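J.:
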Amino acid sequence: TTAPVLTISTSDLVLASGEAATITFEFSEPVSEFSVSDVVVSGGVLSNFIQVDANTWTAIFTQSGSVAPSISVADGAYTDIVGNTGKGDVLDGADGFIFNPLAVDLIGEITIPADINNDNILNANELGADKTFTAQITLGSDAAVGNIISVNGINYTVVQADLDAGFITAEIIVTVDGDLSVRAEARDSAGNTDIADTTIKVITVDTTAPITPSAPTGYLDNVGPDQGIKGSGSSTDDTTPGVVISAPGAGETPTLYVDGEKVAASYDPVTGTLTPTTPLADGSHQLTYTLTDAAGNESVQSPALLLTVDTTAP
1 TTAPVLTIST SDLVLASGEA ATITFEFSEP VSEFSVSDVV VSGGVLSNFI QVDANTWTAI
61 FTQSGSVAPS ISVADGAYTD IVGNTGKGDV LDGADGFIFN PLAVDLIGEI TIPADINNDN
121 ILNANELGAD KTFTAQITLG SDAAVGNIIS VNGINYTVVQ ADLDAGFITA EIIVTVDGDL
181 SVRAEARDSA GNTDIADTTI KVITVDTTAP ITPSAPTGYL DNVGPDQGIK GSGSSTDDTT
241 PGVVISAPGA GETPTLYVDG EKVAASYDPV TGTLTPTTPL ADGSHQLTYT LTDAAGNESV
301 QSPALLLTVD TTAP
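Under UniProt numbering, the letters of the sequence shown match residues 1 to 314, in that order.
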């Protein structure tokens, strides 16, 4: 019965005539019946309206004159997937979204290269052992050597190499898991400022891996006359035994390891078995598994299940 909530944000708060910004429509949950016709625009033109995922749409707003920019969606313009009427939002001067005829385009989009899969979450592997990541702040068409760009309060001076690359790089230190915003503000030699804010792309830091799973309780043998659940230390003629594991938690994915090497496997939640895709060679093997959470953090391998594959007839 909870109504969905919309937040409208922009990649650039201060626009000159003809300047464009990326507008993001972020909903608190998946919604339906939302389209570009629900968006009321003043001071410019909206284009390239696309759906990014079930909760997110983006568009390009281009300031077309001196009228103050405003982008809004009315209450009740959309619903969530079960029919609850949604709450709208307004992005305008009250949020600092304004027209400035003297505005300069010093910086633009902020990107996070470490976010390899672009899911707005940094896991332990993406973040690294030093608990830092870099933010790239795109330089605008008016950027010049000597501009000062402040990123989360740290000043960086634009040099020629930055202009050649098209961006400056700032190091962000992570102290705790959770949401983390990156804010950049640029100033030129004349004192003009330009602001970019990642309210459209808040990075969530999640470096906590699932706990080490318990040892497999056995394996399922589906070959030959002696089938069924077998215990650790036994022999089998089944080259693709189904390793019996504890049920993964919500959002967790099991991964099978054979003799310490990750292998392709399929998990059957009905039988609770993790089965290798490639047949095991004859001989003794140690089978372990890990759990990986939705952020991509992988647990330590479980204690091993021991078995011997023997397909040679006497």
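All C-beta atoms, glycine included, are put in the ideal place defined by N, C-alpha and C.
On a predicted model such as this, the values are computed, not experimentally measured, just so you know.
Counting Cβ pairs, one atom from each stretch, are 3 or more of them under 8 Å apart for the stretch 250 to 262 and the stretch 214 to 231?
T.: As far as the Cβ criterion goes, the stretch 250 to 262 does not touch the stretch 214 to 231, which means the pair count is below three.
J.: Quickly, what does DSSP pair N155 with across the bridge? List them, please.
T.: DSSP, once it has assigned bridges, lists S150 as partnering N155.
J.: Do Q301 and T292 have their C-beta atoms closer together than 8 Å?
T.: Not a contact, by the Cβ cut-off of 8 Å.
J.: Is the distance from the Cβ of L306 to the Cβ of S246 below 8 Å?
T.: No, Cβ-Cβ distance for L306 and S246 is not below 8 Å.
J.: I need the straight-line Cα distance from L256 to L287, nearest angstrom please.
T.: Cα-Cα distance, rounded: 7 Å.
J.: Between which two residues does the beta strand (DSSP E) harbouring A124 extend?
T.: That residue, A124, is in no beta strand (DSSP E); its alpha helix (DSSP H) goes A124 to L127.
J.: Taking DSSP's pairing of strands, which residues face D194 in a bridge?
T.: Its beta-bridge partners are A186.
J.: What's the C-alpha gap between S189 and T157?
T.: So the two alpha carbons sit approximately 11 Å from each other.
J.: Of all the options L91, N48, V5 and I110, which has the alpha carbon lying nearest to the alpha carbon of D194?
T.: That would be I110, whose Cα lies nearest to the Cα of D194.
J.: For L163, report the span of its alpha helix (DSSP H) as first-last.
T.: Residues Q160 to A165.
J.: In its own chain, which residues sit with a C-beta less than 6 Å from the C-beta of T199, not counting the 5 before and 5 after it?
T.: Interpretation of T199 is limited by its pLDDT of 33, a score under 50 that renders its predicted location unreliable; the figure taken from the coordinates is listed afterwards. Excluding positions up to five away in sequence, the list reads S9.
J.: When you compare each of G146, P101, P254 and L122 to D179 by their alpha carbons, which one comes out closest?
T.: Checking every option, the nearest Cα to that of D179 belongs to L122.
J.: Please list, in chain order, all residues of the same chain as Y267 whose beta carbon is under 6 Å from its beta carbon, the five residues on each side excluded.
T.: Excluding positions up to five away in sequence, the list reads P254 and L274.
J.: So, do the stretch 105 to 120 and the stretch 56 to 65 have three or more beta carbon pairs nearer to each other than 8 Å?
T.: Not touching, per the Cβ criterion.
J.: Looking at the secondary structure, which residues open and close the beta strand (DSSP E) in which T1 lies?
T.: First-last for T1: undefined, no H or E at that position.
J.: Under the rule that 16 or more other beta-carbon atoms within 10 Å means buried, what is T169, buried or exposed?
T.: So T169 ends up on the exposed side.
J.: Check whether the stretch 26 to 41 touches the stretch 115 to 135, counting contact only when three or more Cβ pairs, one atom from each stretch, lie closer than 8 Å.
T.: No, they do not touch.
J.: Give the C-beta separation of L139 and F133 to the nearest angstrom, bearing in mind that I take them to be a contact with Cβ-Cβ under 8 Å.
T.: Contact flag wrong, Cβ pair sits at about 20 Å.
J.: Could you give the distance in angstroms between the alpha-carbon of A3 and the alpha-carbon of D12?
T.: If I take the Cα positions, the gap works out to 29 Å.
J.: Taking 6 Å as the limit between beta carbons, can you name the residues of its chain near D197, skipping five residues before and five after?
T.: Since pLDDT at D197 reaches only 47, below the 50 mark, its modelled position is unreliable, and the value read off the structure follows with that caveat. Counting only Cβ-Cβ distances below 6 Å, and skipping sequence neighbours, we find R183.
J.: In terms of residues, what are the limits of the beta strand (DSSP E) holding P276?
T.: Looking at the DSSP string, the run of the beta strand (DSSP E) that includes P276 is T273 to P276.
J.: Taking C-alpha atoms, which residue in A16, T85 and E33 lies nearest to V5?
T.: Among A16, T85 and E33, the Cα nearest to that of V5 is on T85.
J.: What's the gap between the Cα of T175 and the Cα of D95?
T.: So the alpha carbons of these two residues sit roughly 29 Å apart.
J.: Could you tell me which uninterrupted beta strand (DSSP E) segments, each at least 3 residues in length, are contained entirely in the stretch 95 to 120, listed from first to last along the chain?
T.: Counting only runs of 3 or more, we get 107 to 111.
J.: Measure the C-alpha to C-alpha separation of V14 and I81 and round it to an integer number of angstroms.
T.: Straight-line Cα distance between these residues: approximately 35 Å.
J.: Please give me, in chain order, every unbroken run of the beta strand (DSSP E) with length at least 3 that falls completely inside the UniProt domain "Bacterial Ig-like" (224 to 311).
T.: With a minimum length of 3 residues, the continuous beta strand (DSSP E) runs that stay inside the UniProt domain "Bacterial Ig-like" (224 to 311) are 228 to 230, 234 to 236, 242 to 244, 253 to 258, 261 to 263, 265 to 268, 273 to 276, 283 to 292 and 305 to 309.
J.: Taking T208 and D237 to be in contact with their CB atoms under 8 Å, please state how far apart those CB atoms are, rounded to whole angstroms.
T.: Going by Cβ atoms, the distance from T208 to D237 rounds to 41 Å, so no, they are not a contact pair.
J.: Going by Cα to Cα distance, which pick from D206, E298, P303 and P269 is closest to H285?
T.: Closest by alpha carbon: P303.
J.: Quick one: Cα of V145 to Cα of D119, how far?
T.: For V145 and D119, the distance between alpha carbons rounds to 33 Å.
J.: Rounded to whole angstroms, what's the CA-CA distance from D115 to T56? Just pull it up for me.
T.: Roughly 18 Å separates the two Cα atoms.
J.: Please return the same chain residues whose Cβ sits closer than 7 Å to the Cβ of T212, not counting the five positions on each side in sequence.
T.: These residues qualify, in order along the chain: S299, V300 and S302.
J.: Taking 8 Å as the cut-off, decide whether the C-beta atoms of P216 and V243 are in contact.
T.: Their beta carbons are under 8 Å apart, which means P216 touches V243 by this criterion.
J.: Between T79 and S28, is the Cβ-Cβ spacing less than 8 Å?
T.: It is not a contact, given that the beta carbons lie outside the stated cut-off.
J.: In whole angstroms, give me the CA-to-CA distance for S214 and G249.
T.: So the alpha carbons of these two residues sit roughly 13 Å apart.
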